[in-house]
Structures are given as C-alpha cells and as structure tokens.
Amino acid sequence: MTHIKTQNIKRAHDTYMRSQLYTLNDCYVNHSYAKERAFDYCRTLVSMYNGRQGRIIGANCMTFSYGFIGEINGRPAFFWITRDYDRYIYIDELVKE
C-alpha cells in the first residue's frame, strides 16, 4: 500500500463520492472470474483496513477501480485500488488548497 498525495487520487476521491456502483453486477451484465477474484481482493483490503463504504469508482470491459474509506496508522484515509496499484491518502490531505 503506497501513500500518495497527487491530483489523481484526489480526482479518484471526487469520483468515489459520486459513485453509486457497489457490486460488479452494478457495472457488468456478465463479469469474469478474474474480476470476481479482483473484487474479493478489494473486499479483503476493506476488512484489513477497517474499511467501509466500498464503491467501484470506474469500470470498463477490461478492468475496474475500487475505493473505500478506512484507517491506516490510526488515521482515517481514502483507499484507491486499481489493477496495478494499491494507494491511499489521508482524509485530512484531501482538503483543496
């Protein structure tokens, strides 16, 4: 899990706040076993980081990204899970400058 403070994760958080996609069935008519395994991985991270409010942030035919609110190092954080990276930003770092 990598801590980042880039505009990309801040935009991902904005998209997360608007998302109403909670399961793979909200995105796909038929999804693959690989997507199901990836979604299970995301849910494992939610549990590991005391998370809640998991949502799919973006999806296309090949992949999806997932976000949730949780805790790391005793501080609340937004977690952004993509095919290639697991990242987080502390909630207090999301404040617009």
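Going by the working numbering, the sequence shown opens with residue -10, and the numbers climb by one from there. By construction, the Cβ of each residue, glycine as well, lies at the ideal position given by its N, Cα and C atoms. It should be emphasised that the depicted structure is a prediction, and the values quoted were computed from it without experimental measurement.
Using 10 angstroms around the beta-carbon of residue i, count the other beta-carbons present and answer buried if the total reaches 16, otherwise exposed.
i: Arg64; result: exposed
i: Ala1; result: buried
i: Arg44; result: buried
i: Tyr22; result: exposed
Quick one: what does DSSP say residue i is sitting in, helix, strand or coil?
i: Gln9; result: coil
i: Asp73; result: coil
i: Thr4; result: helix
Measuring only the C-alpha atoms, how far is residue i from residue j?
i: Phe28; j: Leu13; result: 8 Å
i: Asp150; j: Ile(-2); result: One cannot answer for residue 150 here, as it falls past the ends of the chain, which runs -10 to 86.
i: Thr(-9); j: Tyr77; result: 6 Å
i: Met37; j: Lys(-6); result: 22 Å
i: Arg32; j: Phe68; result: 12 Å
In chain order, what residues of the same chain have a beta carbon less than 7 Å from the beta carbon of residue i, not counting five sequence neighbours either side?
i: Met51; result: none
i: Thr71; result: Ser54
i: Asp81; result: none
Go through its chain and collect everything with a Cβ distance to residue i's Cβ below 6 Å, but skip five positions before and after it.
i: Asp73; result: none
i: Gly40; result: Phe57, Gly59
Any beta carbon from chain B within less than 8 Å of residue i's own beta carbon?
i: Asn19; result: Absent from the structure is chain B; it holds one protein chain and no more.
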